[in-house]
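K.L.:
To start, I am sharing the structure in question, which I have written as structure tokens.
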Amino acid sequence: MMKEARKRQIVLILILSVLVLVCLIVEAGREEVKDHKTKIVQKEKEEQHEGEKKKEKRKKKKVEEETNVRVLLMTSRFASLFHRTVKVTSSKPFTVEVNGKAKQYDAGDSVEYSAGNSRLKKKKIVITPAEGAKLKVLSVTRQNIHPSYRRTLQVTWNKKGLLLMNKLPLEEYLYAVVPSELSTSSKMDALKAQAVCARSYAYQQMQSARYDKYHADLDDSVACQVYNNIPEDSRSRKAVNSTKGMVLTNKKGAVIQVYYYSTSWGYSASGQDVWNTPSKVSYLKECFQITEKSRKKSGVQSLNLSQEQNFENFINSSYYDTYDSDSAWYRWSVVISQKSLSERIDAAIASCYASDPTLVLTQKKNGGYARKPLKPLGALKKIRVEKRENSGLVTELVLVGKKNVIKICTQYNIRKVLAPVYEQVSYNDGKSKTSMSLLPSAAFYVANAVKDDEAAFEFVGGGFGHGAGMSQCGAEKMAKLGKNYQEILLHYFAGTKIMSLKKVKKADARQ
């Protein structure tokens, strides 16, 4: 009996031991599962965090890429985008990377590439100087020196020649735009205004597709804005750094298309009058550039210069003091003989017609004008202003020839057909300039004259450039009168705001 009880006790102990063991195993399993789940969650969190870090890194890299500008560098005298040869050196060591394979060069070494070398066709050549150094392009001259560039130069082969591109941060690019567009002897607030204009213009170009086929944003010539024709200096850097990231925007916070030019004739023209746009540009309005002192003295707020006599009186009067009155190009004149202008005018008209035939019209039998195939004008007998805007800008000009009568539209075309290619243009300070591809401006009147005992036309006008946006000489005068750069910009671009590019990008990202 005792043996049976002992057996049952042993069995019970064994069962209990097994149950305890099973419970321990189950609990251990639970802990393992729990630990595994914890590890999975932790891993997921780590992966999520890593993903966010990578995303932020990509975002940061994208922003950095967006703030880098790619500038096509033209040949000497800004003659062409396509180079026959490219030769580069540096006063410090530099690296040349060809399709990802890098080679080091010592200070003073140079590398040279030829457009005739077809082996360059599929190669991407990137030249990078040592930290803080610049690359000098020996195959190009600017103002009789070889220009030097920050950051990297890229050489690519094209069937028309080699393309040379400078890639660098936007702010560093502006260091060499400001002195190329406005003398750094100008007042600092004028330079700051120029820096904001140049930054706004560059940002707009970076958003456009103008040079996409060359994987670039803009070039370094007057076709965009001039870059590194005059080297950067301490004042240009100060103007850029003290306005860092600031751009001009419309009321909605979008960066505006900024325009600027050398000198006004005492009036600025509207954007619509200058570029023949279908509608008005709200921030580019015609405006009498009279100084506050002269306005108080005369009591005049604005003038209507659309009438020929009104415009002629204004051009020949010194009664009003404007922001550009002291500038060399404020007034100018040039005499071109009828014979000389007749000999070259057909080619100029043909060039305008090729660009846009709707802006070169031929007179019909009923006296109206229509687009027709071009025929020779013949000896030029008369030039008549057909349309003058309130600002004084000529936007339609009639050329009366022996064989034909043609109307030229837009200020640019008018300046092109009347270009003083061989003649001397006399301007405000008694000096003169010979050979220009455009008339200084389209704010002029025409008078009959005599040159070398031959019949001639005299063009008397004012200003230099298209006439819309900021006058650089006017900005300089405003700064001398104590205006800060914000006041200067808001005077020329009415109804705009000055904002940080960071805010603009954030607003763009939300849209």
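Letter 374 of the sequence shown, counting from 1, is numbered 417 in this note's numbering, and no numbers are missing.
Every residue, glycine too, gets a C-beta built ideally from N, C-alpha and C.
As the structure is a prediction and not an experimental result, all values here were calculated from the model.
Please state the DSSP three-state secondary structure of tryptophan 375.
P.N.:
In the structure shown, tryptophan 375 adopts extended strand secondary structure according to DSSP, grouped into three states.
K.L.:
Give a yes or no on whether the C-beta atoms belonging to alanine 312 and serine 434 are separated by under 8 Å.
P.N.:
yes
K.L.:
Just to confirm, are alanine 391 and lysine 459 a CB contact at a threshold of 8 Å?
P.N.:
yes
K.L.:
Between lysine 430 and threonine 438, how many whole angstroms is the CB-CB distance? I'm expecting something under 8 Å.
P.N.:
5 Å
K.L.:
Does DSSP put cysteine 267 in a helix, a strand or coil?
P.N.:
Per DSSP, reduced to three states, the secondary structure at cysteine 267 is coil, with no helix or strand assignment.
K.L.:
Could you tell me the alpha carbon to alpha carbon distance between serine 543 and glutamine 344, rounded to whole angstroms?
P.N.:
Spanning the two alpha carbons is a distance of roughly 33 Å.
K.L.:
Touching or not, the segment 158-172 and the segment 194-212, by the rule of three or more beta carbon pairs under 8 Å?
P.N.:
yes
K.L.:
In its own chain, which residues sit with a C-beta less than 7 Å from the C-beta of glutamate 275, not counting the 5 before and 5 after it?
P.N.:
Tyr218, Ala219 and Pro222
K.L.:
Distance, Cα to Cα, glutamine 248 vs alanine 266?
P.N.:
12 Å
K.L.:
Given this structure, state the Cα-to-Cα distance separating glycine 538 from valine 547, to the nearest angstrom.
P.N.:
Cα to Cα, glycine 538 sits roughly 17 Å from valine 547.
K.L.:
Going by Cα to Cα distance, which pick from Ala236, Lys328 and Glu155 is closest to serine 285?
P.N.:
Checking every option, the nearest Cα to that of serine 285 belongs to Ala236.
K.L.:
Cα-Cα, which of Cys240, Thr227 and Ile170 is closest to lysine 210?
P.N.:
Ile170
K.L.:
Distance check for methionine 231 and cysteine 395, CA to CA, integer angstroms please.
P.N.:
40 Å
K.L.:
What are the complete beta strand (DSSP E) segments, minimum 3 residues, inside the segment 480-530?
P.N.:
487-494 and 497-504
K.L.:
Do the segment 355-364 and the segment 403-415 make contact, defined as three or more Cβ pairs closer than 8 Å?
P.N.:
No, they do not touch.
K.L.:
From the DSSP secondary-structure annotation, give me the bridge partner or partners of tryptophan 200.
P.N.:
Leu205
K.L.:
What are the start and end residues of the alpha helix (DSSP H) that includes lysine 235?
P.N.:
231-250
K.L.:
My parser needs the alpha helix (DSSP H) runs of 4 or more residues fully inside the segment 277-351; what are they?
P.N.:
Here the runs fully enclosed are 277-284, 314-318 and 335-341.
K.L.:
What number of angstroms, rounded off, separates the C-alpha of lysine 281 from the C-alpha of serine 228?
P.N.:
Each residue's alpha carbon lies about 13 Å from the other.
K.L.:
Buried or exposed, going by whether 16 or more other CB atoms sit within 10 Å of the CB of threonine 401?
P.N.:
exposed
K.L.:
Can you give me the Cβ contacts of glutamate 519 inside the same chain, cut-off strictly under 8 Å, excluding the 5 residues immediately before and after it?
P.N.:
So the list reads Leu225, Ser229, Lys230 and Ala233, once near-sequence residues are dropped.
K.L.:
Tell me whether lysine 545 is buried or exposed, calling it buried when 16 or more other Cβ atoms sit within 10 Å of its Cβ.
P.N.:
exposed
K.L.:
State the DSSP-derived secondary structure class of aspartate 262, mapped to helix, strand or coil.
P.N.:
It is a strand residue.
K.L.:
Measuring alpha carbon to alpha carbon, tell me which residue in Gly444, Ile273, Asp316 and Cys240 is nearest glutamine 515.
P.N.:
Cys240
K.L.:
Apart from the five residues on each side of it in sequence, which residues of its chain come closer than 7 Å, Cβ to Cβ, to valine 468?
P.N.:
So the qualifying residues of the chain are Trp375, Val377, Ser475, Lys476, Met479 and Pro483.
K.L.:
By the DSSP assignment, the alpha helix (DSSP H) with leucine 225 in it spans what residues?
P.N.:
Neither: leucine 225 is in no alpha helix (DSSP H) and is coded neither H nor E.
K.L.:
Is glutamine 454 near leucine 436, with beta carbons less than 8 Å apart?
P.N.:
yes
K.L.:
Between valine 489 and phenylalanine 502, which are expected to be in contact by the criterion C-beta below 8 Å, what is the C-beta distance as a whole number of angstroms?
P.N.:
Taking C-beta atoms under 8 Å as the contact rule, valine 489 and phenylalanine 502 qualify, at a distance of about 6 Å.
K.L.:
How many Å lie between alanine 511 and glutamate 329 at the Cα?
P.N.:
Going by C-alpha positions, alanine 511 is about 8 Å away from glutamate 329.
K.L.:
Quick one: what does DSSP say isoleucine 168 is sitting in, helix, strand or coil?
P.N.:
It is a strand residue.
K.L.:
Just tell me which of Ala422, Phe354, Asn293 and Glu335 has its CA closest to the CA of isoleucine 541.
P.N.:
Asn293
K.L.:
Starting from the Cα of aspartate 149, find the closest Cα among Thr138, Glu497 and Ser157 and give me that residue.
P.N.:
Thr138
K.L.:
Can you pull the DSSP bridge partners for tyrosine 218?
P.N.:
Beta-bridge partners assigned by DSSP to tyrosine 218: none are found.
K.L.:
Only counting the same chain, and skipping five residues up and downstream in sequence, which positions put a Cβ closer than 6 Å to that of glutamate 140?
P.N.:
Val169
K.L.:
Is it true that the CB of glycine 508 sits closer than 8 Å to the CB of tyrosine 304?
P.N.:
yes
K.L.:
If we count Cβ pairs, one from each stretch, closer than 8 Å, do we get three or more for the segment 142-159 versus the segment 120-132?
P.N.:
yes
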